[in-house]
Every structure is written in C-alpha cells, then in structure tokens.
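Protein sequences, first through last, are from chains A and B.
Using the working numbering, the first residue of the first sequence is number 19, and each one after it goes up by one.
Using the working numbering, the first residue of the second sequence is number 590, and each one after it goes up by one.
Below: the structure, in structure tokens.
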Amino acid sequence: MKVLVAVKRVVDYNVRIRVKSDGSGVDTDNVVMSMNPFDENGLEEALRMKQAGIATEVIAVSVGDEKSQDTLRSALAMGADRAILIKADQTPEPLGIAKLLAKVVEQEGPQVAILGKQAIDDDSNQTGQMLAALLDWSQGTFASNAEFDGDAINLTRETDTGLETIKISLPAVITTDLRLNDPRLPKLPDIMKAKKKPIDIVDASSYGIDLSPRLEVVSVAAPAEREPGIIVADAAELVNKLKEAGAL
Amino acid sequence: MSILVIAEHDNASLNASTLSTLAAAATIGGDVTVLVAGHNASAVVTETQAASGVTKVLVVDDAALADGLAENIASVVTGIAGEYSHVLTAASNFGKNFMPRVAAKLDMMQVSDIVEVVSADTFVRPIYAGNALMTVKSSDSVKLITVRSTAFDAVEATGGSAATEDLAFGVAFAGTSFVSRDVTESERPELATARIVVSGGRGVGSKEQFSIIDDLAEKLGAAVGASRAAVDSGYAPNDCQVGQTGKVVAPDIYFAIGISGAIQHQAGMRESKIIVAINKDDEAPIFQIADYGIVADLFDVVPELMQQL
C-alpha cells in the first residue's frame, strides 16, 4: 500500500520567535526553518512501515511556498520515495490544507495518511482530523504506537489520563505524538541521493478549491513578560517568601 | 446568541474543563445548551443540569458514545451545530480530537485553544508555543471553538436547574472501535486543575529518583507534572507532561525541579501565578521566568524543603 505523509516547513523549534512590531505576524525572515517535529515522526513511521513490508511507497507532500522544497528534500533524504509540493504563496488554513490533501489522496490512492498532530507554528491541531472527516476515514490521533493487523491498525493514543487503544480500519488517518518513534537522521549518501529523487510541483490553484481564509488575523502580539524574579539562598528562605506571598 | 457546549466526561462525572468552557460561553453571552453524549451517563447529566448558566441539557445515550470516539461524537455534534451561533468544547485531548472533524464536515474553520473572548466573533489564541498571541475574527456562520481551560475561571458547579431533552443517536461509524484504556492511577489531585503543581525534569535522573517529586507533591497536596524529557526517559507517565504538546497548567504555585525550561515547557506553565525553579545550572532558561529560584542540587534542596513545610 501507498502511504502519504504530510510535512510542513516551520520555524525551527529551538528558535525564540519575534513578533513583528506592526502586529501583523511573526518574523520568519532569516530564521532557521526545519520540518515540523511531529511530521518527522510521521515520516519515520511510514518508513518503518515500508521496512516492515507493509507499505510499498512513501510519498511526502507539503503545502507551502517554493522554499518548502527544502523540507521535502529532507523528507526524501530520510527515505521518502517521492515528493509533491503544492505551491501556495499564502499558507492556507488547516481546512484548506485538508482539502488539498484530500485531492492528493484521491489522485494517489494511499491507504494511510500520516500527519503530525500539530504544527509547532500555529499550534492548531486540526488538519489530520479534518482530512479524515473530508475522506470519511477513521482517525487515530495523537498516536504513540501503531500496530498493523491485516486491514486494521491497533492504535495507542496518548490521552489526558494515560493511554487508550482503538482499532481503526483502513483506509485511515494517523496523527503522531512525539513518542511514536525516534526519527532517523539522514546520512550523507542519502542526502546526495535525495537530490535526484523527484519532486512534483503543483499549483494549489489548479485544484479548484476556494482557499480564501475564514479567519481574519486582526493582530499578533507578544505575550506579557513576567516580572523578573529573585534567587533565594535555600529552602528556608523559599518557604518564607512563599508564605509572605500568601501562597503557602 | 445561542451557544452549544460539548461536555467532557467519563460517563461517571463531568470533567472540570467543562466548567471553564461554560465560563468562556458566559463571556460570549446568550443561551447555553450543553450536550452530554455518552452512555449510562445520568450522573453526568445531573451534574450538568446543576452547573451555573446552563439553560438546557441535551442528552444522547448510546453504546457507541461510551468511549468518546471522535467519529461518533462528531456525527452527533455535526447534526445539531447549525442550530447554534457557537459550539464550544475544551481544548483537551477529547475536544481536540473531535472538533476539527465537525469543522470539516460543516466546511468551517475551527478556532483552536482560545484564551480570550474579544467579541462574539473575535478571539485570542496562542501560537508558537504561546510566544505570540493571535487575535482572529471568524467569518463562519457557526463559530467552532476549543477553549483553553486555564484561561477561564470555572463557573459554579451548583445552583443551576436546567431542563433536559433527549436526542436519538444516528448510526455508529463502522471503521473505528474502542479496545482498551490504561488510566494512570494517582492519588494526587488532577494536574490540569491543581492549586499546586510539582514538576520534575531530566535533572531528576531516573524513574526511581522521581519519587522525590512524588514525595514533595504529597507533602504539598500537589499534582505531579513532568517535562517532556522526563516523560521521554520514562521517569513519569505521558499524562504528566506539561508543555506545548502536553498539558497546559496555571496553578498558584508551580515547582520546576531539575527542569531547564525549554520554550516548549514554558508554553505549558508560564501562566502559573508563582513559579519556583530549582536547578543546579544557573544558566537554565527556567530562571528567566521564575519568581523564586534556587541554584543548587535538587537532591539537597528538596529534602530541606520537605522539612521546612
């Protein structure tokens, strides 16, 4: 079976972002970008499915501007067989992305689509569930383990109270949690080989989907800074301070 | 304005996050209907009727709703959402799972994890792990919203007397079934709503040594939290994780012990009223947001702290 993996180019998780002074957004110029960490888990899972003989082909897809090709090259270096860039100068909202991915699913016919549970830039945590809804597929979200059993998956999810296992029939959407696996680091020869692997570039507008945003961004602001604190000498002083503050 | 709130529960009791969601609904203003979709959840229905500000409780009872499967919850919500101006639920694992499915079925854009209601169509939500706050205005005819519980003070759990109305369940989604649940047993208060949280990080060093965190939490009547590093290393279970991708907490006192304080961790605790950091690395970023810091070995400080309390 084919497996589709969605990957997003985001500001690297180590970068402390800056809000633009005009309140229009977050400054992403000259900032280190990388693949959304949850998407790395998604790709790793697909690659393991291929190693286990469950998947035959792993297709990485990204929606974004020209530079998202870098992220797809990283995906190819990790081991994806080929890649599709859906070119959009303005990144669509999760609903728009889910609609585009649904089109790719129609064209490519994968049995499993794997997405990160959230992108660490807008933190929406929507796209995978939306894709499952549009396709009317089962969804296995926030996965920390996925075991294939014929045409179904026993999927363990991280929940607010522990773990939960559900059985989802194929075709299905999986969204990943960080403990699903440890993504591999591509080796130099793989990076070289990835340069020769194909990336199809398709214009987002060619799908005939209305991608106009439903949410108008009114402003983006930095959160209030916390007042600077103090260093105390020991536990006794700490307890005194907490009592003075009325917290204990 | 007519608002539908989707209750979070385990068929036995109403999750406190729902009371915070009701507070967000009250801020928007209007009639508030609560949907209790579950199985044999009459105790939850009774609790919901009593919650402050609830006009009506819709009850859908079916075995297919017993385990909160997103496909089945979403199908109930999708069927009735059009009758309301807003549909709200907690931005918990439960809400995050089903609400986007509703949104896509209705061809609408969800507003995730709101921390403030500016007006009936405009909301503030954190992005980039809370390092920016985005104000968005929704143009959809029904506003589909998940609510960050820590940003809204829970409404009173008692005093209300809402009427109930039964709704029939449709057809269960065939492709998904519940298998099992492994709930972490703890005698500590619930992490999301505890007044004091004691969290341990990589610096605690091992699962065995994590008992020092448990002991301090017990002494303080606090909940136990953990950084991602501690959970990844197996020191603490996944449901203890505080941060961008774990739980968001805002207790009166947050103890960060042996936690360096990566921005992803700060995202889950920076709204705490008082932050205490104990770390032997004086350069640890946690000290930049701590109200009180102790630069020392946690294995020296924590036992002293236990004696002082």
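Idealized CB from N, CA, C, for every residue including glycine.
- Per DSSP, glutamate 245 of chain A lies in no beta strand (DSSP E) and is assigned neither H nor E.
- Proximity of methionine 148 of chain A to chain B, defined by a Cβ-Cβ separation below 8 Å, is satisfied.
- The CB of asparagine 682 of chain B comes closer than 7 Å to the CB of Phe160, Thr177, Asp178 in chain A, given here in chain order.
- Proximity of serine 674 of chain B to chain A, defined by a Cβ-Cβ separation below 8 Å, is not satisfied.
- Contact between valine 79 of chain A and alanine 101 of chain A holds, with the beta-carbon distance rounding to 7 Å and staying under 8 Å.
- Chain order gives no chain A residues near arginine 777 of chain B, where near means a beta carbon separation below 9 Å; the closest approach is about 13 Å.
- Annotation note: the stretch 146-174 of chain A contains the following uninterrupted beta strand (DSSP E) runs of length 3 or greater, listed N- to C-terminal: 156-167.
- Contact between glycine 759 of chain B and serine 664 of chain B holds, since their C-beta atoms are separated by about 6 Å, short of 8 Å.
- Secondary structure of isoleucine 801 of chain B (DSSP, three-state): helix.
- Classified as buried, alanine 783 of chain B has 16 or more neighbouring CB atoms from the shown chains inside 10 Å of its CB.
- Segment contact: the stretch 176-190 of chain A against the stretch 214-229 of chain A, fewer than three CB-CB distances shorter than 8 Å; contact not assigned.
- Shown here for leucine 603 of chain B: same chain residues with a beta carbon closer than 7 Å to its own, the five before and five after excluded, namely Ala596, Val633, Glu636, Thr637 in chain order.
- For phenylalanine 741 of chain B, the secondary structure class from DSSP, reduced to helix, strand or coil, is coil.
- Residue burial is scored here from C-beta neighbours: aspartate 870 of chain B has fewer than 16 other C-beta atoms within 10 angstroms and is therefore classed as exposed.
- Residue burial annotation: proline 840 of chain B is buried, with at least 16 other C-beta atoms found within 10 angstroms of its C-beta.
- Taking 8 Å as the cut-off, the Cβ atoms of aspartate 656 of chain B and phenylalanine 767 of chain B count as close.
- Chain A places a beta carbon closer than 8 Å to that of serine 766 of chain B, counting this residue as a contact.
- Residue contact check for aspartate 57 of chain A against chain B: no CB pair falls below 8 Å.
- Contact note: asparagine 827 of chain B reaches chain A through Ser162, Glu176, Thr177, Gly180, Leu181, Asp195, Arg197, using a C-beta cutoff of 9 Å and chain order.
- Judged by their CB atoms, tyrosine 717 of chain B and aspartate 47 of chain A are not nearer to each other than the 8 Å cut-off.
- For histidine 854 of chain B, the enclosing alpha helix (DSSP H) stretches over residues 852-855.
- According to the DSSP assignment, glutamate 111 of chain A belongs to no beta strand (DSSP E), since it is labelled neither H nor E.
- DSSP lists no bridge partner for asparagine 686 of chain B.
- Under the three-state reduction of DSSP, glycine 882 of chain B is assigned to strand.
- The DSSP-derived three-state label of glutamine 830 of chain B is strand.
- A straight-line Cα-Cα distance of about 38 Å links alanine 612 of chain B and isoleucine 171 of chain A.
- In this structure, leucine 90 of chain A sits near leucine 103 of chain A, with a CB-CB distance shorter than 8 Å.
- Burial is judged here by how many other beta carbons sit within 10 angstroms of a residue's own beta carbon; serine 681 of chain B has at least 16 and is buried.
- Inclusion of lysine 20 of chain A and glutamate 63 of chain A in the CB contact set at 8 Å is not warranted, their separation being larger than that value.
- Threonine 635 of chain B: member of the alpha helix (DSSP H) spanning 631-639, first to last residue.
- Glutamate 58 of chain A is not bridged by DSSP to any residue.
- In this chain, the beta strand (DSSP E) harbouring valine 625 of chain B covers 620-627.
- The beta carbon of glutamate 754 of chain B lies closer than 8 Å to those of Lys645, Val646, Leu647, Val648 in the same chain, with the five residues before and after it left out.
- Across the structure, glycine 671 of chain B and serine 591 of chain B are spaced so that their CA atoms are roughly 11 Å apart.
- Under the DSSP assignment, arginine 714 of chain B falls outside any alpha helix (DSSP H), being part of the beta strand (DSSP E) whose first and last residues are 711-716.
- Taken atom to atom, the span from the alpha-carbon of valine 623 of chain B to that of asparagine 661 of chain B is near 17 Å.
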